[in-house]
Amino acid sequence: MKYTTPFLRLLPVIGAVVASVGCQESKTPDFRLNMVRMVSTETDGDYQQEIANVLDGLFGTPDQPIAPAGSGLDQAKLNLAAGPAWSDDAGVNHGLYRKHCVHCHGVTGDGRGPTARFLNPYPRDYRMGLFKFKSNAAADRPTDEDLHRILWNGAPGTSMPSFSLLASAEIEALVEYVKYLAIRGEVERALTSYVYDELGEDEDDEGRVYRIPLNPVDGEYAEDQREAIADIVADVSETWQAANESVVVPDEDAIPELDNRTAEERAASIVKGRELFYDKRANCYTCHGPTGLGDGQTTDYDMWTKEQLELIAATDSLADSVAEEREADDLDEDDLRELDRSEQLLSDREDVIATLYPIRNAIPRNLRAGVYRGGRRRIDIYWRIHQGIPGSPMPGVGATLSDEEIWNLVDYVLSLPYEAASIPQRALPVNAETLVN
Amino acid sequence: MIRIATFSLPMAIAAVAFAALADMPASAAEWGSIKGRFVFDGDVKAEPISITKDKEYCGNHKLVDETVVTGEKNGLANMFVYLYLKRGDSVDVHPDYEKSASEPAVLDNNECRFEPHAMTLWTKQPLEIRNSDPGIGHNTNAMKLTANPSFNEIIPNDKPAVKNFEKSEPAPSPFACNIHPWMSAYVLIRDNPYMAASAKDGTFEIKNVPAGKHEFVVWHEGKGNVRNLKLGKEKTDRKGRVEFEIKAGETLDLGEVKVTEKDLGL
Numbered sequence: 001m002k003y004t005t006p007f008l009r010l011l012p013v014i015g016a017v018v019a020s021v022g023c024q025e026s027k028t029p030d031f032r033l034n035m036v037r038m039v040s041t042e043t044d045g046d047y048q049q050e051i052a053n054v055l056d057g058l059f060g061t062p063d064q065p066i067a068p069a070g071s072g073l074d075q076a077k078l079n080l081a082a083g084p085a086w087s088d089d090a091g092v093n094h095g096l097y098r099k100h101c102v103h104c105h106g107v108t109g110d111g112r113g114p115t116a117r118f119l120n121p122y123p124r125d126y127r128m129g130l131f132k133f134k135s136n137a138a139a140d141r142p143t144d145e146d147l148h149r150i151l152w153n154g155a156p157g158t159s160m161p162s163f164s165l166l167a168s169a170e171i172e173a174l175v176e177y178v179k180y181l182a183i184r185g186e187v188e189r190a191l192t193s194y195v196y197d198e199l200g201e202d203e204d205d206e207g208r209v210y211r212i213p214l215n216p217v218d219g220e221y222a223e224d225q226r227e228a229i230a231d232i233v234a235d236v237s238e239t240w241q242a243a244n245e246s247v248v249v250p251d252e253d254a255i256p257e258l259d260n261r262t263a264e265e266r267a268a269s270i271v272k273g274r275e276l277f278y279d280k281r282a283n284c285y286t287c288h289g290p291t292g293l294g295d296g297q298t299t300d301y302d303m304w305t306k307e308q309l310e311l312i313a314a315t316d317s318l319a320d321s322v323a324e325e326r327e328a329d330d331l332d333e334d335d336l337r338e339l340d341r342s343e344q345l346l347s348d349r350e351d352v353i354a355t356l357y358p359i360r361n362a363i364p365r366n367l368r369a370g371v372y373r374g375g376r377r378r379i380d381i382y383w384r385i386h387q388g389i390p391g392s393p394m395p396g397v398g399a400t401l402s403d404e405e406i407w408n409l410v411d412y413v414l415s416l417p418y419e420a421a422s423i424p425q426r427a428l429p430v431n432a433e434t435l436v437n
Numbered sequence: 438m439i440r441i442a443t444f445s446l447p448m449a450i451a452a453v454a455f456a457a458l459a460d461m462p463a464s465a466a467e468w469g470s471i472k473g474r475f476v477f478d479g480d481v482k483a484e485p486i487s488i489t490k491d492k493e494y495c496g497n498h499k500l501v502d503e504t505v506v507t508g509e510k511n512g513l514a515n516m517f518v519y520l521y522l523k524r525g526d527s528v529d530v531h532p533d534y535e536k537s538a539s540e541p542a543v544l545d546n547n548e549c550r551f552e553p554h555a556m557t558l559w560t561k562q563p564l565e566i567r568n569s570d571p572g573i574g575h576n577t578n579a580m581k582l583t584a585n586p587s588f589n590e591i592i593p594n595d596k597p598a599v600k601n602f603e604k605s606e607p608a609p610s611p612f613a614c615n616i617h618p619w620m621s622a623y624v625l626i627r628d629n630p631y632m633a634a635s636a637k638d639g640t641f642e643i644k645n646v647p648a649g650k651h652e653f654v655v656w657h658e659g660k661g662n663v664r665n666l667k668l669g670k671e672k673t674d675r676k677g678r679v680e681f682e683i684k685a686g687e688t689l690d691l692g693e694v695k696v697t698e699k700d701l702g703l
């Protein structure tokens with residue numbers, strides 16, 4: 001739809017880099033833009049700067065965070081977690097995130113701290129709002145309790161350490177800060193979509209092409225934009241505030257959390273769980289392999305990686321079409337301008353791709369190792385099976401299996417490390433051998 | 438049984454929206470349609486898929502890659518055309534659409550592929566996901582939904598999953614099966630019915646659009662938004678959008694729309 005009144009307005013240039021606020025550190029860390037997202041959505045340099053300005057206006061800086069209106073975030077907790085690490089006279093520790101987390105998860109929460117490249121798995125990138133080890137519906141954001149739990153326990157079998165030695169107020173501040181970085185990252189993603197869907201270039205009545213800028217939030221600018229941005233923040237925050245609504249609570253009269261069953265009862269449950277492990281209703285063996293070693297489906301990727309792979313594929317195809325067009329000799333002025341833009345996009349994308357860490361597959365867990373990243377209590381395993389592991393390929397069976405059946409699976413999973421490898425495997429479905437590829 | 442405290446709000450909202458629309462003044466009493474046929478100009482052969490799972494069953498179905506599907510007379514299937522709406526904009530819906538609104542749309546796991554491969558879903562319709570492959574385990578992974586709650590669930594033979602959605606997704610969303618990595622489908626979820634995925638012969642038609650000027654998006658899984666595509670007298674822009682004037686009581690026939698390999702990013 002064409003605009004009748006052109007939206008020409010000089011863009012006030014506001015530096016995304018805010019001057020360092022008096023502290024002894026010489027270099028103030030900055031938030032980084034989500035460049036994979038930027039170049040995937042063809043967000044150009046001008047819009048990138050404008051998005052950075054909006055994010056600064058809404059969320060502040062790593063030293064001076066702002067809890068945006070309506071986000072439900074607690075400013076006092078953010079203050080404690082943000083900024084450089086120091087302790088005040090009363091012994092209160094400040095700058096907790098930078099002290100404990102930043103070398104893995106990065107200043108922006110992009111999972112790209114200085115040591116991240118060398119870790120396997122890579123540290124979590126919070127910016128999709130996507131977390132694996134939760135107690136609620138797969139689609140939903142983690143609850144405070146979920147984040148608290150992962151900080152308390154760490155993720156065994158990975159480099160994510162336990163922070164159980166921190167004071168509980170410190171853990172709470174860190175939980176808040178993780179939410180802050182995640183919400184910020186999600187808003188950034190939504191802003192790129194907003195720019196793509198609603199802004200960009202347009203033509204006025206005389207056919208002149210003009211650009212619709214994204215305005216900073218604190219100015220007296222386009223009302224509709226400010227409303228849209230407020231909506232985006234509200235939409236993202238709402239999903240965090242609703243996290244507690246979808247917590248999966250097993251029925252009281254299902255197999256109790258406190259395992260006070262007889263050995264026979266437990267053994268019977270394990271047999272049923274094993275049955276299900278190979279059953280088509282649960283399909284555990286297709287990924288975890290006929291022996292549970294995690295070797296059934298080893299070529300898949302997690303969602304963070306898939307986004308990178310999509311960018312790589314799109315860039316390959318762009319490179320082909322640019323190469324082809326360079327050969328063409330019948331290009332008119334429009335075509336040439338188009339080619340220019342494509343070449344710019346191509347080189348921007350190639351630069352971003354060069355910064356990516358090596359691509360890794362999402363490998364199903366070796367269930368004989370007895371190490372559970374999301375916690376080893378029965379309820380932890382129950383949640384994993386019920387809702388799947390969001391972001392990883394693992395699907396949930398909560399909608400299709402009964403509570404009792406899920407507990408049977410829990411019992412079987414927890415027994416697998418103790419099942420001697422020499423125990424002959426139960427006769428597998430005819431095609432099981434072909435599953436290990 | 439488990440207690441998931443999810444809201445059954447979607448249904449309630451749908452019901453309210455339905456009522457609201459039903460007694461809405463017929464402000465757009467005049468309607469027109471748009472149609473055309475996508476024709477593929479190129480020679481992409483559907484590559485056979487190497488079956489890595491459930492070979493005895495899936496291997497019997499001569500599965501091929503469905504990125505580009507052509508039919509009779511080079512018709513190009515699975516091209517999406519849908520109404521572009523700005524944030525907060527809405528559109529009047531012709532009463533005929535309401536009649537079919539409550540019927541579920543079906544996405545079936547059938548012969549180790551999704552049927553259909555490309556589909557549209559109005560938010561008033563529930564989506565029913567079935568598994569018609571006896572004894573074969575499928576999961577449906579729709580974790581890339583952005584406006585609506587995402588999910589990734591096992592779909593058993595005897596119990597279809599029924600999903601309700603509330604909001605428009607900006608583009609068709611990929612649905613996948615992690616157990617059979619070659620399986621993919623695209624579902625376009627919008628909160629209005631003005632959309633189509635071209636049929637096997639390349640034809641599409643969007644009926645009863647309110648008369649007036651509208652922008653439409655053209656989308657294909659190979660490329661996303663299809664830019665610089667000539668449709669009748671118009672051409673899509675960098676974002677795959679193109680404006681048409683729909684005249685009351687008329688059908689705008691775009692005729693044959695030629696699509697090249699390059700248009701699809703191949």
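Here the protein sequences line up with chains A and B, keeping their order. Using our numbering, read the first sequence as starting at 1 and increasing by one per residue. Using our numbering, read the second sequence as starting at 438 and increasing by one per residue. Just so it is clear, CB atoms sit at the ideal spot from N, CA and C, and this is done for glycine as well.
Taking the beta carbon of ARG627(B) as reference, no residue of chain A falls within 8 Å; the closest one sits roughly 13 Å away. The beta-carbon separation of LYS134(A) and TRP383(A), rounded to 7 Å, stays under the 8 Å limit for a contact. Taking 7 Å as the cut-off, the Cβ atoms of SER392(A) and ASP302(A) count as close. At the C-beta level, ILE471(B) and ILE643(B) come within 7 Å of one another. At least one C-beta of chain A is nearer than 7 Å to the C-beta of PRO586(B). The Cβ neighbour count for PHE517(B), taken over all protein chains shown within 10 Å, is at least 16; the residue is labelled buried.
Between PRO417(A) and ARG368(A), the CB-CB gap stays under 7 Å.
The C-beta of ASP300(A) comes closer than 7 Å to at least one C-beta of chain B.
Counting the other Cβ atoms within 10 Å of the Cβ of PRO114(A) gives fewer than 16, which makes it exposed. Relative to the Cα of VAL187(A), the nearest Cα in the group THR583(B), PHE641(B), GLU687(B) belongs to THR583(B). For MET394(A), the closest of GLU350(A), GLN297(A), LEU409(A), ILE353(A) by C-alpha to C-alpha distance is GLN297(A). Residue state for PRO358(A) is assigned as coil, using DSSP reduced to three classes. Less than 7 Å separates the beta-carbon of GLY677(B) from that of VAL655(B). The beta carbon of GLN387(A) sits closer than 8 Å to those of LYS134, ASN136, ALA137, ALA138, VAL248, GLY396, GLY398, all from its chain and outside the five residues before and after it, given in chain order. With a cutoff of 7 Å on beta-carbon distance, LYS699(B) and GLY508(B) are scored as not near each other. For VAL481(B), no alpha helix (DSSP H) segment is defined, and its DSSP state is neither H nor E. When Cβ-Cβ separations below 7 Å define contact, PRO571(B) makes no contact with chain A. Look at the beta carbons and you see the stretch 559-576 of chain B touching the stretch 277-291 of chain A: at least three pairs across the two are nearer than 8 Å.
Secondary structure of ALA613(B) (DSSP, three-state): strand. Inclusion of HIS531(B) and TRP468(B) in the CB contact set at 7 Å is warranted, their separation being smaller than that value.
What THR192(A) touches in chain B, judged by beta-carbon distance under 7 Å, is nothing: the nearest beta carbon there is about 11 Å away.
Annotation: ILE471(B) has no Cβ neighbours in chain A at a cutoff of 9 Å; minimum Cβ distance is about 16 Å. Interface flag for LYS280(A) against chain B is set, since a Cβ pair is found closer than 7 Å. Look at the beta carbons and you see the stretch 499-508 of chain B not touching the stretch 172-184 of chain A: under three pairs across the two are nearer than 8 Å. Residue pairing from DSSP places LEU668(B) in a beta bridge opposite GLU671(B). Judged by their CB atoms, THR286(A) and ILE488(B) are not nearer to each other than the 7 Å cut-off. Apart from the 5 residues on each side of it in sequence, LEU701(B) sits with its Cβ closer than 6 Å to the Cβ of HIS657, GLY659, LYS660 in its chain, given in chain order. Contact annotation for PRO593(B) against chain A: LYS280, ARG281, THR400 [CB-CB distance below 8 Å, chain order]. Around the beta carbon of LYS179(A), 16 or more other beta carbons lie within 10 angstroms, which makes this residue buried.
Taking the Cα positions, LYS604(B) is about 17 Å away from GLU535(B). Collapsing the DSSP output to three states places MET556(B) in a strand. In the structure shown, the three-state DSSP call for GLU186(A) is helix. Taking C-beta atoms as the reference points, VAL413(A) and ILE381(A) count as a pair closer than 7 Å.
Shown here is that no member of the stretch 61-75 of chain A has a Cβ falling below 7 Å from a Cβ of chain B.
The Cβ-Cβ distance between GLU503(B) and HIS554(B) falls below 7 Å. Contacts between GLU198(A) and chain B, judged by CB atoms closer than 8 Å, involve LYS523, ARG524 in chain order.
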